[in-house]
Amino acid sequence: MDLKDLANEERGTNAVPAPPATLVAAAKDSCPAGPPGVRWLVLESKHLDDEQFLVVFEKKHLKEARKAHPGKVIYFPPEIDELHRHKDAPDYPQFLKSIHLIKKKFGGWIVPSDSPLARRLDRANRPAARGGDSHGAAKSGKRAG
């Protein structure tokens with residue numbers, strides 16, 4: 004997902020790049036989700052009552068972003084993608100507010116539903132397959148013999 008598209012979709016959302024002191028030229032491959040040379044963006048969302056939050060493009064810039072913007076909730080692009088997948092839900096604004104509040108109070112990260120971790124968690128939470136209690140013996144029909 005393109006963050007510029009998200010900002011345009013928000014109507015009135017302001018995307019502010021990190022301060023010039025934090026801009027560093029980066030190789031194209033090292034910043035796949037963000038504009039070249041931008042470590043993070045400060046965004047403001049109408050869905051979050053115009054509260055500002057950060058989108059950090061690479062984990063290596065997380066500590067620096069936290070120091071530059073203490074107290075701001077931080078998202079990574081895959082988290083934004085995951086939230087954006089639910090944009091057509093009728094209760095989307097409340098969904099975003101709830102997720103944001105949880106991140107604000109408890110920290111943590113949104114695990115994208117298509118990630119290997121989500122698949123492992125899904126398998127771990129499924130009930131064990133239930134087999135028959137006959138241990139291979141047929142319950143109906145005639146016994147051979």
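The numbering of the sequence shown is the numbering used here, which starts it at 4 and goes up by one.
Don't be surprised by glycine CBs; every beta carbon is placed ideally from N, CA and C.
Comparing C-alpha positions only, which one of the options sits nearest to residue i?
i: lysine 155; options: Ile113, Val41, Leu124, Pro119; result: With the chain running from 4 to 148 in the structure shown, residue 155 is simply not present.
i: aspartate 117; options: Leu44, Gly110, Asp125; result: Asp125
i: tryptophan 43; options: Lys49, Leu51, Tyr78; result: Tyr78
i: proline 38; options: Pro96, Leu104, Val58; result: Val58
i: aspartate 52; options: Leu104, Trp112, Lys90, Arg123; result: Leu104
i: glycine 110; options: Pro93, Asp91, Pro96, Lys75; result: Lys75
On the three-state DSSP scale, how would you describe residue i?
i: serine 101; result: helix
i: threonine 83; result: First, the amino acid is wrong: residue 83 is isoleucine here, not threonine. Isoleucine 83 falls in the helix class under three-state DSSP.
Compute the beta-carbon to beta-carbon distance between residue i and residue j, rounded to the nearest angstrom, for a pair I have assumed lies under 8 Å.
i: aspartate 84; j: proline 130; result: About 30 Å; that fails the 8 Å criterion.
i: phenylalanine 60; j: proline 80; result: 6 Å
Can you give me the start and stop residues for the beta strand (DSSP E) that residue i sits inside?
i: glutamate 61; result: It is not in any beta strand (DSSP E) - glutamate 61 carries neither H nor E in the DSSP assignment.
i: serine 48; result: 43-48
Less than 8 Å between CB atoms is the rule here; does residue i satisfy it with respect to chain B?
i: lysine 90; result: The structure shown contains no chain B; it holds only a single protein chain.
How far does the alpha helix (DSSP H) with residue i in it extend, from its first residue to its last?
i: leucine 124; result: 119-128
Contact between the segment 54-70 and the segment 86-100 is defined here as three or more beta-carbon pairs at a separation below 8 Å; is this criterion met?
Not touching, per the Cβ criterion.
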